[in-house]
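K.L.:
Residue numbers (my numbering), protein chains in the order written: chain A, 10 to 283; chain F, 647 to 962. So that we are looking at the same thing, I have put the structure below in structure tokens.
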Amino acid sequence: MADTAHRTPRALDLKYQPGFTSVAMLCFFVLYAPIAVLVFFSFNANRSVTRWTEFSLDWYVRALANEGIQNAAVTSLEVAVFATVFATSIATAAALATTRVARYRGMTAAYTVINMPLMVPEIVTAVATLSFFALLRTTLGINFGLGNVMIAHTVFCIPFAYLPIRARLENMDLTLEQAAADLYATPWRTFRRVTLPLLVPGVIAGAMLAFIISLDDVIITMMVAGPGQTTLPIYILGQIRRGVTPEVNAVSTILLAVSILFVTLFFLLGRRRT
Amino acid sequence: MTAEAIKTPEGPPSSITERTVAGRQARTRGLLLAPAMLVIGVFGILPLFIALTYSFLEGGTYGGVEWVFSTEAYVQLLFERDIFEETLTFNTAYLEIFWRSFLLAAFSTLACLLIGFPAAYFMATRPAKSRDFWVFLITIPFWTNLLIRTFSIQLILRDEGVINIVLTELGLLAQPLQLIYTDFAVGLGLIYSFLPFMVLPIYAALERLDFRLVEAGFDLYATRAQVLRRIVVPLAKPGIVAGSILVFIPGLGAWITPELLGGGKELMIGNMIALQFGSSRNWPFGSAAALVLMAMVLVALVIYVRNVGKSGADHG
Numbered sequence: 010m011a012d013t014a015h016r017t018p019r020a021l022d023l024k025y026q027p028g029f030t031s032v033a034m035l036c037f038f039v040l041y042a043p044i045a046v047l048v049f050f051s052f053n054a055n056r057s058v059t060r061w062t063e064f065s066l067d068w069y070v071r072a073l074a075n076e077g078i079q080n081a082a083v084t085s086l087e088v089a090v091f092a093t094v095f096a097t098s099i100a101t102a103a104a105l106a107t108t109r110v111a112r113y114r115g116m117t118a119a120y121t122v123i124n125m126p127l128m129v130p131e132i133v134t135a136v137a138t139l140s141f142f143a144l145l146r147t148t149l150g151i152n153f154g155l156g157n158v159m160i161a162h163t164v165f166c167i168p169f170a171y172l173p174i175r176a177r178l179e180n181m182d183l184t185l186e187q188a189a190a191d192l193y194a195t196p197w198r199t200f201r202r203v204t205l206p207l208l209v210p211g212v213i214a215g216a217m218l219a220f221i222i223s224l225d226d227v228i229i230t231m232m233v234a235g236p237g238q239t240t241l242p243i244y245i246l247g248q249i250r251r252g253v254t255p256e257v258n259a260v261s262t263i264l265l266a267v268s269i270l271f272v273t274l275f276f277l278l279g280r281r282r283t
Numbered sequence: 647m648t649a650e651a652i653k654t655p656e657g658p659p660s661s662i663t664e665r666t667v668a669g670r671q672a673r674t675r676g677l678l679l680a681p682a683m684l685v686i687g688v689f690g691i692l693p694l695f696i697a698l699t700y701s702f703l704e705g706g707t708y709g710g711v712e713w714v715f716s717t718e719a720y721v722q723l724l725f726e727r728d729i730f731e732e733t734l735t736f737n738t739a740y741l742e743i744f745w746r747s748f749l750l751a752a753f754s755t756l757a758c759l760l761i762g763f764p765a766a767y768f769m770a771t772r773p774a775k776s777r778d779f780w781v782f783l784i785t786i787p788f789w790t791n792l793l794i795r796t797f798s799i800q801l802i803l804r805d806e807g808v809i810n811i812v813l814t815e816l817g818l819l820a821q822p823l824q825l826i827y828t829d830f831a832v833g834l835g836l837i838y839s840f841l842p843f844m845v846l847p848i849y850a851a852l853e854r855l856d857f858r859l860v861e862a863g864f865d866l867y868a869t870r871a872q873v874l875r876r877i878v879v880p881l882a883k884p885g886i887v888a889g890s891i892l893v894f895i896p897g898l899g900a901w902i903t904p905e906l907l908g909g910g911k912e913l914m915i916g917n918m919i920a921l922q923f924g925s926s927r928n929w930p931f932g933s934a935a936a937l938v939l940m941a942m943v944l945v946a947l948v949i950y951v952r953n954v955g956k957s958g959a960d961h962g
């Protein structure tokens with residue numbers, strides 16, 4: 010190494026570390042190759058998910074015409090929309106109360122509670138929530154039906170919605186709100202006309218994260234959902250267990266596309282900010 | 647009486663307004679926080695206490711619980727009760743599942759670190775313009791569906807999977823290799839699932855790295871390996887610790903990965919817990935196992951907080 014230091018220009022690069030670029034390329038390859046295989050075989054004319062014959066959109070046509078998939082997609086959307094709306098509203102309020110204020114007693118506790126769903130392993134949340142709703146049903150006779158799933162999703166979506174909203178608030182300029190106050194705007198008016206419009210990108214970003222997190226959940230939904238309350242990931246899981254055809258690949262690809270679309274929008278939204 | 651009551655606020659008027667403003671602010675704050683505290687408190691934290699309660703009850707015949715106090719669930723974690731002779735024999739079956747989960751999670755954390763650190767370093771040393779692109783490439787798998795990503799690994803490892811087909815067609819294999827439904831497959835699945843969780847925090851730490859320190863190291867005749875070990879890695883430590891926690895905790899409680907790649911035989915804690923609430927119908931035992939898992943996670947979190955606190959003090 011020391012001998013070649015004066016010969017190759019790369020050796021003069023402060024940041025160069027031998028082998029790191031290869032490992033990084035391996036890392037990206039490993040992350041994308043399996044997904045690429047999955048997407049590739051969703052276009053296979055054959056029934057096989059690993060032996061290519063020819064290009065076809067048949068499996069997409071079948072998937073979209075499949076009543077089970079249609080119902081699961083509707084359930085998924087219902088749950089995700091409910092969880093997104095509530096989690097984002099709750100998180101926005103919480104972010105306003107925990108950002109840009111002088112430290113107050115209980116702030117750390119509030120912060121810990123908001124982030125609690127991130128710290129508990131998903132399987133623990135799943136069985137605890139199941140126990141909770143079972144207890145509600147047996148002792149008080151309360152059962153919200155699909156509402157159980159919606160509530161469970163709202164809980165774990167809150168911290169995901171909270172993070173970007175909080176980040177946005179922290180980077181926001183205080184002077185505009187001070188100017189509004191100087192011009193005799195009431196606190197509510199200042200909030201409505203100045204703070205909220207400035208906060209919108211953060212709220213949208215938070216809502217998008219909440220939406221994909223809800224759309225992707227498997228374990229908690231599986232435990233909490235009653236019979237007939239099948240979301241798209243639960244449907245896919247059932248199909249995988251039963252033996253796969255490229256139809257599963259097709260549904261998976263559609264779900265992947267939705268996630269990627271949201272992540273891309275989220276990313277662009279974040280970039281415009283900085 | 648009334649005159650006195652009026653007289654009592656003695657301070658200058660400004661402090662009264664300050665106090666009422668502060669009071670109003672505290673009330674607004676309380677109202678803003680209430681929904682989050684209420685929803686997470688009732689539907690997130692209360693259920694954990696219900697699980698705790700369930701772990702000390704007797705199981706119902708068809709799932710659920712009977713309201714009779716019992717420590718049977720915790721006894722069952724370590725011992726096997728002989729129904730006829732009423733004797734307890736030490737049973738390591740469940741301990742082994744915990745131990746295997748710990749090993750798999752620890753191994754995959756280490757592997758993620760070995761792959762993730764160079765990847766994060768590579769990203770952090772790109773020109774500022776293309777950095778966004780690489781971050782974007784890591785962000786996509788970070789947020790995409792874990793079930794689908796695990797399914798895609800299944801497609802690669804199956805007996806009829808990509809690896810076996812390619813190797814057979816090259817004439818290197820007479821019969822398919824048993825890749826899937828092994829500990830190897832579960833480990834690989836965990837690495838694949840949580841690799842982005844390792845890369846992003848390390849990248850965040852390395853992005854802020856002051857390369858003048860690296861230059862100073864070289865000026866003092868350090869080799870590249872020394873610069874890496876003595877300067878870069880210590881400065882990236884908060885990211886390394888955060889990444890390790892983000893990989894280790896979900897790895898320890900993983901359910902999808904062992905379910906799809908371990909084939910139900912290579913059990914991990916997550917599957918064992920789910921099984922108790924499913925076909926085994928032993929809710930108290932499942933709750934007890936869940937709480938033990940939760941305790942393991944808390945230990946990991948405490949180690950994390952302590953480490954970050956210490957490294958913060960080192961550099962701050």
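Note that beta-carbon positions come from the ideal geometry of N, C-alpha and C, so glycine has one too.
Residues of chain A with CB closer than 9 Å to the CB of residue 789 (chain F), please, in chain order.
P.N.:
218, 221, 222, 225, 268, 269, 271, 272, 275
K.L.:
Hey, does residue 648 (chain F) have any beta-carbon neighbour from chain A nearer than 9 Å?
P.N.:
Low local confidence applies: a pLDDT of 43 at residue 648 (chain F) is under 50, so the model's placement there is unreliable, with the coordinate-based value given in what follows. Not one chain A Cβ lies under 9 Å of residue 648 (chain F).
K.L.:
With 16 as the cutoff for other CB atoms within 10 Å, does residue 7 (chain A) come out buried or exposed?
P.N.:
Outside the shown range of chain A, which is 10 to 283, sits residue 7 (chain A), and nothing can be said about it.
K.L.:
Figure out for me which residue from A:197, A:34, A:252, A:204 has the closest Cα to the Cα of residue 182 (chain A).
P.N.:
A:204
K.L.:
Using a Cβ-Cβ cut-off of 6 Å (strictly less than) and excluding sequence neighbours within five positions of residue 91 (chain A), which residues of its own chain qualify?
P.N.:
Within the same chain, and ignoring the five residues on either side of residue 91 (chain A) in sequence, the residues whose Cβ sits closer than 6 Å to its Cβ are 159.
K.L.:
Quick one: give me the first and last residue of the beta strand (DSSP E) that residue 705 (chain F) is part of.
P.N.:
703 to 705
K.L.:
Just checking: is the beta-carbon of residue 134 (chain A) within a distance shorter than 9 Å of some beta-carbon in chain F?
P.N.:
Residue 134 (chain A) counts as touching chain F.
K.L.:
For residue 705 (chain F), count neighbouring Cβ atoms within 10 angstroms of its own Cβ and tell me buried if that reaches 16, exposed if not.
P.N.:
buried
K.L.:
Determine the burial state of residue 914 (chain F): buried for a count of at least 16 other Cβ atoms within 10 Å of its Cβ, exposed for fewer.
P.N.:
Buried: at least 16 other Cβ atoms inside 10 Å.
K.L.:
Who are residue 53 (chain A)'s beta bridge partners in DSSP?
P.N.:
A:64
K.L.:
Got a sec: which bits of the segment 909 to 923 of chain F sit with their beta carbon under 7 Å from any beta carbon on chain A, in order along the chain?
P.N.:
Of all residues in the segment 909 to 923 of chain F, those with a C-beta nearer than 7 Å to a C-beta of chain A are 916, 919, 920, 923, reading in chain order.
K.L.:
Residue 905 (chain F) and residue 770 (chain F) - do their beta-carbons sit closer together than 9 Å?
P.N.:
no
K.L.:
Apply the 10 Å Cβ neighbour rule to residue 767 (chain F) and answer buried if 16 or more other Cβ atoms are within range, or exposed otherwise.
P.N.:
Residue environment for residue 767 (chain F): buried (at least 16 other C-beta atoms within 10 angstroms of its C-beta).
K.L.:
Roughly how many angstroms lie between the CA atoms of residue 156 (chain A) and residue 169 (chain A), to the nearest whole one?
P.N.:
20 Å
K.L.:
Taking the alpha-carbon positions, what's the residue 735 (chain F) to residue 918 (chain F) distance?
P.N.:
21 Å
K.L.:
So for residue 227 (chain A), helix, strand or coil by DSSP?
P.N.:
coil
K.L.:
How would you call residue 112 (chain A), buried or exposed, if buried means at least 16 neighbouring beta carbons within 10 angstroms?
P.N.:
exposed
K.L.:
Excluding sequence positions up to five away, which residues of its chain have a Cβ less than 6 Å from the Cβ of residue 272 (chain A)?
P.N.:
none
K.L.:
Among the residues of its own chain, which have a CB less than 6 Å from the CB of residue 751 (chain F), if the five just before and after it don't count?
P.N.:
894, 897, 898
K.L.:
Quick test of your reading: residue 693 (chain F) and residue 153 (chain A), contact by CB under 8 Å. State the CB separation rounded to the nearest angstrom.
P.N.:
Between residue 153 (chain A) and residue 693 (chain F) the Cβ distance is about 14 Å, and since that is not below 8 Å, they are no contact.
K.L.:
Going straight from the alpha carbon of residue 14 (chain A) to that of residue 863 (chain F), what length do you get?
P.N.:
Interpretation of residue 14 (chain A) is limited by its pLDDT of 45, a score under 50 that renders its predicted location unreliable; the figure taken from the coordinates is listed afterwards. Their Cα atoms are separated by approximately 15 Å.
K.L.:
Name, in chain order, the residues that DSSP records as bridge partners for residue 725 (chain F).
P.N.:
F:736
K.L.:
Rounded to the nearest angstrom, what separates residue 699 (chain F) and residue 777 (chain F) at their Cα positions?
P.N.:
Going by C-alpha positions, residue 699 (chain F) is about 50 Å away from residue 777 (chain F).
K.L.:
Please say whether residue 210 (chain A) and residue 175 (chain A) have beta carbons closer to each other than 9 Å?
P.N.:
no
K.L.:
To which residues of the same chain is residue 723 (chain F) closer than 6 Å at the C-beta, ignoring the five residues directly before and after it?
P.N.:
Apart from the 5 residues on each side of it in sequence, residue 723 (chain F) sits with its Cβ closer than 6 Å to the Cβ of 740 in its chain, given in chain order.
K.L.:
Select from F:733, F:711, F:841 the residue whose C-alpha is nearest the C-alpha of residue 147 (chain A).
P.N.:
F:711
K.L.:
Can you tell me which residues form a DSSP beta bridge with residue 711 (chain F)?
P.N.:
Secondary-structure assignment with DSSP links residue 711 (chain F) through a beta bridge to F:705.
K.L.:
How long is the line joining the alpha carbons of residue 834 (chain F) and residue 940 (chain F), rounded to whole angstroms?
P.N.:
Looking at the two C-alpha atoms, the distance is approximately 24 Å.
K.L.:
Do the CB positions of residue 232 (chain A) and residue 275 (chain A) come within less than 9 Å of each other?
P.N.:
No Cβ-Cβ contact shorter than 9 Å links residue 232 (chain A) with residue 275 (chain A).
K.L.:
Between which two residues does the alpha helix (DSSP H) harbouring residue 926 (chain F) extend?
P.N.:
Taken as a continuous stretch (DSSP letters only), residue 926 (chain F) belongs to no alpha helix (DSSP H), as it is neither H nor E.
K.L.:
Going by C-alpha distance, which of A:42, A:74, A:81 is nearest residue 237 (chain A)?
P.N.:
A:81
K.L.:
Find out if the Cβ-Cβ distance for the pair residue 784 (chain F), residue 842 (chain F) is shorter than 9 Å.
P.N.:
yes
K.L.:
For residue 720 (chain F), return the contacting residues in chain A, with the cut-off set at a CB-CB distance below 8 Å.
P.N.:
The premise fails here: residue 720 (chain F) is roughly 16 Å from chain A at the closest Cβ pair, so nothing lies under 8 Å.
K.L.:
Could you tell me the distance, in whole angstroms, from the CA atom of residue 888 (chain F) to the CA atom of residue 128 (chain A)?
P.N.:
13 Å
K.L.:
Is the separation between the beta-carbon of residue 696 (chain F) and that of residue 137 (chain A) shorter than 9 Å?
P.N.:
Here residue 696 (chain F) is near residue 137 (chain A), since their CB atoms are less than 9 Å apart.
K.L.:
Which residues in chain A have a C-beta closer than 9 Å to the C-beta of residue 933 (chain F)? List them in chain order.
P.N.:
136, 137, 140
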